[in-house]
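The block underneath contains the structure these notes are about, expressed in structure tokens.
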Amino acid sequence: MENSMDRFAGRLFGSTVSYIRRFLFRVLSVGPIPNHIAFILDGNRRYAKKWNLGEGMGHRAGFLALMSIMKYCYELGVKYVTIYAFSIDNFKRRPEEVQYVMDMMLEKIEGLLKEESIVNQYGVRVYFVGNLKLLNENVRMAAEKAMKAASNNSRSVILICVAYTSTDEIVHAAQESCEEKWTEIQSLTDARNCEIIEEKREGSNVIKLADIERHMYMGVAPDPDILVRTSGETRLSNFLLWQTSNCLLYSPRALWPEIGLRHLVWAVLNFQRIYPYLEKRRKNI
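Note that my numbering numbers the sequence shown so that position 215 is 198, with each residue one more than the last.
Structure representation (structure tokens):
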């Protein structure tokens, strides 16, 4: 009897919290809702140290926080969510820590494919963004499988940046643009006398801004409206340097596993406050 009452109370409390959240989101929706929010998941290791948790438990707590934040974002109407899951620089950490994170990443990627996962509940399309060839084969294959499995989802999108740095992304885009332009130039060359066809040559060897942006890893999504970095840090740490020139930067002091609904609401309220300024800057570019 006591267990039944506890379950009933738990369901009642959960329903009440869900109702309050929906009401809050409805109020927020009166103003502009960000289309894209990016997160730097900072503070997992410090959280584990703070609470004297075992090796890797901070990352597991961080994953639970991520699932909650994703759910809140999609309920609010945010179309794109990007997370900085693993930097190329993180490969310099202790081998056992890197291996633990890779193993956990493989476990969570496989979890995304389950029927009851948030990906299927909210119709989320999944992109793994970065230099994926740096990942071990099992993780890379699992990432490719997850992207393929969710390729027909269209309600919302999550971009998971792994083996990623912004400088690597820019170099990659520049290299791809140069290779594409060289291929175009060669196609305009007469194979018989190796002369460029003059009427098509003009401007064909110039790499433009649009060429670079088309080859960015993040080219599958619009630029972020809000960038959130937890633990009070205000550094971008080589993340989305190209894409964040006109977005709100928000740095709550909470460690990543401590992030919650109130932080998201505060970020959106601040975005709505400066939205006219951001729009003016975008139109002037």
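The C-beta atom is built at its ideal place from N, Cα and C for all residues, glycine as well.
Query - residue 116 versus residue 238: straight-line alpha-carbon distance, rounded - result: 30 Å
* To do: Tell me residue 139's beta-bridge partners as DSSP assigns them.
  => 107
With a Cβ-Cβ cutoff of 8 Å, do residue 311 and residue 228 count as a contact?
Here the chain covers residues -16 to 268 and nothing more, so residue 311 does not appear.
Whole alpha helix (DSSP H) runs in the region 35 to 69 with 4 or more residues, listed along the chain?
40 to 59
Exercise. At which residues does the beta strand (DSSP E) containing residue 19 begin and terminate?
Worked result: 19 to 23
Just mark residue 26 as buried or exposed, buried being the case when its beta carbon has 16 or more other beta carbons within 10 Å.
buried
Discussion item. Going by the DSSP bridge assignment, what does residue 209 pair with across the sheet?
Written reply: 20, 231
What residue range is occupied by the uninterrupted alpha helix (DSSP H) comprising residue 160?
149 to 170
Margin query: Whole angstroms are fine: how far does the CA of residue 38 sit from the CA of residue 44?
Written below: 12 Å
- Task: Just mark residue 259 as buried or exposed, buried being the case when its beta carbon has 16 or more other beta carbons within 10 Å.
- Result: exposed
- Consult DSSP for residue 1 and reduce its assignment to one of helix, strand or coil. helix
- prompt: Since residue 114 is in the alpha helix (DSSP H), which residue starts that stretch and which ends it?
  reply: First-last for residue 114: undefined, no H or E at that position.
>> Tell me the residue span of the alpha helix (DSSP H) that contains residue 33.
In response: 27 to 33
Worksheet item: Do the CB positions of residue 269 and residue 102 come within less than 8 Å of each other?
Response: Only positions -16 to 268 of the chain appear in the structure, and residue 269 is not among them; the question remains open.
CB of residue 95 within 8 Å of CB of residue 109, strictly:
yes
inquiry  = When you compare the CB positions of residue 214 and residue 77, do they come within less than 8 Å of one another, or not?
reply    = no
- [ ] Using the Cα positions of residue 53 and residue 199, report the straight-line distance between them to the nearest angstrom.
- [x] 24 Å
Pull up the distance between the alpha-carbon of residue -5 and that of residue 49, whole angstroms please. At residue -5, the pLDDT of 49 sits below 50, so the modelled position is not reliable; the number obtained from the coordinates is stated separately. C-alpha separation (whole angstroms): 24 Å.
- Query: Per DSSP, residue 145 forms a beta bridge with which residues?
  - Reply: 69
Residue 72, buried or exposed, once every other Cβ within 10 Å from all chains shown has been counted against 16:
exposed
Checklist line | alpha helix (DSSP H) segment containing residue 264, residue limits | finding: 244 to 267
Margin query: If contacts are defined as beta-carbon pairs under 8 Å, then residue 193 and residue 19 qualify, I think. What distance do you get, rounded to the angstrom?
Written below: Wrong, their Cβ atoms sit about 19 Å apart, outside the cutoff.
Rounded separation between residue 69 and residue 250 - CA only: 23 Å
Of all the options 141, 267, 15, which has the alpha carbon lying nearest to the alpha carbon of residue 64?
141
Given a cut-off of 8 Å, decide if residue 139 and residue 62 are closer than it, judged by their beta-carbon atoms. yes
- Message: With distance defined between alpha-carbon atoms, name the residue in 11, 46, 134, 24 nearest to residue 272.
- Response: For residue 272 there is no data in the structure shown, the boundaries of the chain being -16 and 268.
**Q.** Under the three-state DSSP convention, the category residue 121 falls into
**A.** helix
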